[in-house]
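Take the sequence shown: its position 63, counting from 1, is numbered 65 in the numbering used here, and each next residue is one higher.
From the three backbone atoms N, C-alpha and C, an ideal C-beta is built for every residue, glycine too.
None of these values were measured; they are calculated from a predicted model.
Data block below; observations after.
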Amino acid sequence: MEKDKNMHANLAMQQYRQNHIHGSVETASPHRLVQMLMEGVQEKLLAAKGFMAKNDIAKKGEHISWAISIIDSLRACLDFEQGGEIAANLGNLYDYMERRLLEANLKNDPAMIDEVGMLMAQIKSGWDAIPAEFHHAK
């Protein structure tokens with residue numbers, strides 16, 4: 003009985019998160035969507051480290067793959083024509099981060115995950131510092 007109660011509570015929480023995220027995505031500016039992607043990478047990296055510590059190889063790999071996929075989405079947002087050198091540098095950094103995550107997965111190395119998390123935090127802090135009047139600029 004208690005197990006069923008917990009299962010229903012977990013399902014309800016999962017549905018709430020999905021609806022909350024879906025609603026947030028629908029109303030978010032392009033600037034906020036990029037922030038959400040960056041936050042997603044950080045969440046997946048944190049989860050991957052937790053699964054790594056528990057020696058849950060499958061879940062660790064799943065979350066690292068998810069982080070790589072989100073980073074790939076961030077790369078797809080880059081405008082290399084208008085972004086010039088900054089966009090090129092970010093593209094190269096995203097490539098590096100993906101390679102480090104693949105290596106972290108193979109070597110089961112939490113320090114490599116931390117490195118990518120630190121890099122993402124630095125990129126996000128720069129993104130977060132963009133003044134609001136430029137959030138909708140094209």
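Look up D97 in the DSSP assignment and say whether it is helix, strand or coil. In the sequence shown, residue 97 corresponds to position 95, counting from 1. Reduced to three states, the DSSP call for D97 is helix.
Under 9 Å between the Cβ atoms of M38 and I125? In the sequence shown, residue 38 corresponds to position 36, counting from 1. In the sequence shown, residue 125 corresponds to position 123, counting from 1. Not in contact: M38 and I125 (Cβ atoms no closer than 9 Å).
Are the beta-carbon atoms of L162 and A89 separated by less than 9 Å? The displayed coordinates of the chain run from 3 to 140. Any statement about residue 162 would go beyond what the structure contains.
Let me know the secondary structure DSSP gives P32 once reduced to three states. Taking the first residue of the sequence shown as position 1, residue 32 is located at position 30. Correct three-state label for P32: helix.
Through-space distance from K56 to W129, alpha-carbon basis: Against the sequence shown, residue 129 aligns to sequence position 127. Against the sequence shown, residue 56 aligns to sequence position 54. Approximately 33 Å, taken between the alpha carbons.
Could you check if S67 belongs to the surroundings of the ligand ATP, using beta carbon to heavy atom distance under 8 Å? Questions concerning the ligand ATP fall outside what the structure shown contains, since it holds no ligand whatsoever.
Counting C-beta neighbours from all protein chains within 10 Å, is the total for L108 16 or more, i.e. buried, or is it exposed? Walking along the sequence shown from the start, residue 108 turns up at place 106. So L108 ends up on the exposed side.
Ordered along the chain, which non-local residues of its own chain (more than five positions away) have a Cβ less than 7 Å from that of G119? For the purposes of this step, residue 119 is identified with residue 117 of the sequence shown, where counting begins at 1. Hits under 7 Å: Q44 and L47.
Burial state of I132, where buried means 16 or more other Cβ atoms lie within 10 Å: Your numbering for residue 132 matches position 130 in the sequence shown. Burial call: exposed.
Contact set for G42: own chain, Cβ-Cβ below 6 Å, skip 5 residues either direction: Residue mapping note: residue 42 aligns to position 40 of the sequence shown, counting from 1. Here the set comprises I72.
Would you report the Cα separation of E64 and F82, rounded to the nearest angstrom? Start at 1 with the first residue of the sequence shown, and residue 64 comes out as number 62. Start at 1 with the first residue of the sequence shown, and residue 82 comes out as number 80. Their backbone Cα atoms lie some 30 Å apart in a straight line.
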